[in-house]
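Q: In the numbering used here, the protein residues as written are 120 to 561.
Cβ coordinates follow ideal geometry from the N, Cα and C atoms, glycine included.
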């Protein structure tokens, strides 16, 4: 497919993506992160598509029961051959790529998931010397047992590149695996690439693999990033992405979804300004929103609020994380995806900017605004509210005011009024998730 049709930063506003030549806002949720491994994948994608969703995460992970690994295994010995690509694994991946492309769903690949390379999953991993016929512990420098959290960085698997330990033996198999991935994914225009899941390894690791992806892509345009472990977006870890646009064409700030309320909103605004000041405008993605009553990283309410704050805050993508640490594609998630897509289809989100300064009489976490002043405004209320919107730029024009009951995905009747300098916005009910669009009448 021509480069012009591939996903890339939107030429008119590079904070967003364009796909097949048109701007696109990415919204999603799914039951798993390594979605290509599940049995009912087509049903999952059909459901997402029916809601207006178009964004999934694709960790190349294999640590769950029933998952395939990327290499062939001899049934008589139980050992893997790292020189033989796993037919089942790569067939599943190809099927997934095709299904996503048919539905214009963007997938964000994570090439290496560190949680496959420590503790229990490492005991099953083909790269573990005890599990393959290709090398020993002594030859590879890889330990058979890694009992610590991957954040302790004990696995030399992530130190093989020339700038670190220069382990040519293991690196050769890693590079061959990437080649297998890219020869399948490269023809598709709907793929984003992230090097790792929540890494705290050397920035040289991500740099190496980003350059490898770009080199293997040849003349095809590809988009890469790194996902760092740090919850604090001001951490120096994130600077390794933000300060290197020659390596990374977008920024994933999923770890900010450990934050709450005003802090969750404000952190991306600081990064947005940092990106503007850099002179290299790039999309900000959030491939996973944490939060579920069943998990450890926030509540159902946190997740629902985070989705809307992300998009009203200027992010190019947002997706509910899989259960039990996220809402996945549950009924609640479905309602929010449907409503947010409906709202953003009714405004030109690509010309709007986050601007809470347009709101007065606002208490903490009461309301959030994105706007193209004088043209259109949208305000999100996490739990009812009563604020004043600055409409001076539209003063003297007739404006339409229409409320959306988010959880019901139902619009109330539009009211038309003459715009003054200020417009009071009171949610139709005292509580609940609400949004309102204020637009100058055509």
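1) Given this structure, state the Cα-to-Cα distance separating residue 272 from residue 261, to the nearest angstrom.
2) Kindly indicate which three-state DSSP category residue 226 falls into: helix, strand or coil?
3) Can you look up residue 196 in the DSSP assignment and give me helix, strand or coil?
4) Going by DSSP in three states, residue 619 sits in which element: helix, strand or coil?
5) Taking only the alpha-carbon atoms, compute the straight-line gap between residue 231 and residue 365 and give it to the nearest angstrom.
6) Going by DSSP in three states, residue 314 sits in which element: helix, strand or coil?
7) Just checking, does the region 389-398 make contact with the region 149-169 on the three C-beta pairs under 8 Å criterion?
8) What's the call for residue 491, buried or exposed, on a 16-neighbour Cβ count within 10 Å?
9) Excluding sequence positions up to five away, which residues of its chain have a Cβ less than 7 Å from the Cβ of residue 269?
10) Looking only at C-alpha atoms, which of 412, 344 and 314 sits nearest to residue 297?
11) Would you grab the beta carbon distance between residue 461 and residue 528 for me? Rounded to a whole angstrom, and I think it's under 8 Å.
12) Does the region 320-332 touch the region 132-145, meaning 3 or more C-beta pairs lie closer than 8 Å?
13) Looking at the structure shown, is residue 292 part of a helix, part of a strand, or coil, going by DSSP?
14) Does the count of Cβ pairs from the region 499-509 and the region 418-433 closer than 8 Å reach three?
15) Leaving out the 5 sequence neighbours to the left and right, which residues in its chain are closer than 7 Å to residue 372 when beta-carbon positions are compared?
16) Suppose only complete runs of 4+ residues qualify. What are the alpha helix (DSSP H) ranges in the region 374-403, listed by chain order?
17) Using only CA atoms, which one of 180, 173, 164 and 520 lies nearest to residue 437?
18) Once DSSP output is grouped into helix, strand and coil, what is the label at residue 124?
19) Mind checking who residue 517 pairs with in its DSSP beta bridge?
20) Would you mind sorting residue 557 into buried or exposed? The rule is 16 or more other CB atoms within 10 Å of its CB.
21) At 3 residues or longer, what runs of the beta strand (DSSP E) sit wholly inside the region 132-193?
22) Do you know offhand how far residue 264's Cα is from residue 276's?
23) Please classify residue 540: is it buried, with 16 or more other beta-carbons within 10 angstroms of its beta-carbon, or exposed?
24) Just mark residue 158 as buried or exposed, buried being the case when its beta carbon has 16 or more other beta carbons within 10 Å.
A: So, to answer that:
1) Looking up residue 272 in the chain shown gives position 153. Looking up residue 261 in the chain shown gives position 142. Residue 272 and residue 261 have their C-alpha atoms roughly 12 Å apart.
2) Along the chain shown, read from residue 1 onward, the residue named residue 226 stands at position 107. Strand at residue 226.
3) Here the question's residue 196 lines up with position 77 in the chain shown. Here residue 196 sits in coil by DSSP.
4) Here the chain has residues from 120 to 561 only, and residue 619 is not among them.
5) Residue numbering aside, residue 231 sits at position 112 when the chain shown is read from its first letter. Residue numbering aside, residue 365 sits at position 246 when the chain shown is read from its first letter. Their backbone Cα atoms lie some 21 Å apart in a straight line.
6) For this step, residue 314 is matched to residue 195 along the chain shown. It is a strand residue.
7) Cβ pair count under 8 Å is below three, so no.
8) By 1-based counting over the chain shown, the position of residue 491 is 372. It counts as buried.
9) Working through the chain shown from its first residue, we reach residue 269 at position 150. Same-chain partners within the cutoff: 233, 234, 236 and 237.
10) What you label residue 297 is simply residue 178 of the chain shown in a count that begins at 1. That would be 314, whose Cα lies nearest to the Cα of residue 297.
11) Reading the chain shown from its first residue, position 342 is the one you call residue 461. Reading the chain shown from its first residue, position 409 is the one you call residue 528. Contact between residue 461 and residue 528 holds, with the beta-carbon distance rounding to 7 Å and staying under 8 Å.
12) Too few Cβ pairs lie closer than 8 Å, so no.
13) Residue mapping note: residue 292 aligns to position 173 of the chain shown, counting from 1. DSSP places residue 292 in helix when its eight states are reduced to three.
14) Yes, the region 499-509 is in contact with the region 418-433.
15) Here residue 372 refers to the residue found at position 253 when the chain shown is read from its first residue. For residue 372, where only same-chain residues beyond five positions count, the Cβ hits under 7 Å are 352, 387, 390, 403 and 405.
16) Taking only runs of at least 4 residues, the alpha helix (DSSP H) segments lying wholly in the region 374-403 are 380-397.
17) Stepping through the chain shown from its first residue, residue 437 is reached at position 318. Ranking 180, 173, 164 and 520 by Cα distance to residue 437 puts 173 first.
18) The residue given as residue 124 occupies position 5 in the chain shown. Helix, per DSSP.
19) Sequence index remark: in the chain shown, residue 517 carries index 398 (1-based). Residue 517 pairs with 537.
20) Numbered from 1 along the chain shown, position 438 holds the residue referred to as residue 557. Buried, since its Cβ has 16 or more Cβ neighbours within 10 Å.
21) Listed in chain order, they are 136-138, 141-143, 145-148, 174-178 and 190-192.
22) Numbered from its first residue, the chain shown carries residue 264 at position 145. Numbered from its first residue, the chain shown carries residue 276 at position 157. Taking the straight line from one Cα to the other gives about 13 Å.
23) Looking up residue 540 in the chain shown gives position 421. It counts as exposed.
24) By one-based count along the chain shown, residue 158 stands at place 39. Exposed, since its Cβ has fewer than 16 Cβ neighbours within 10 Å.
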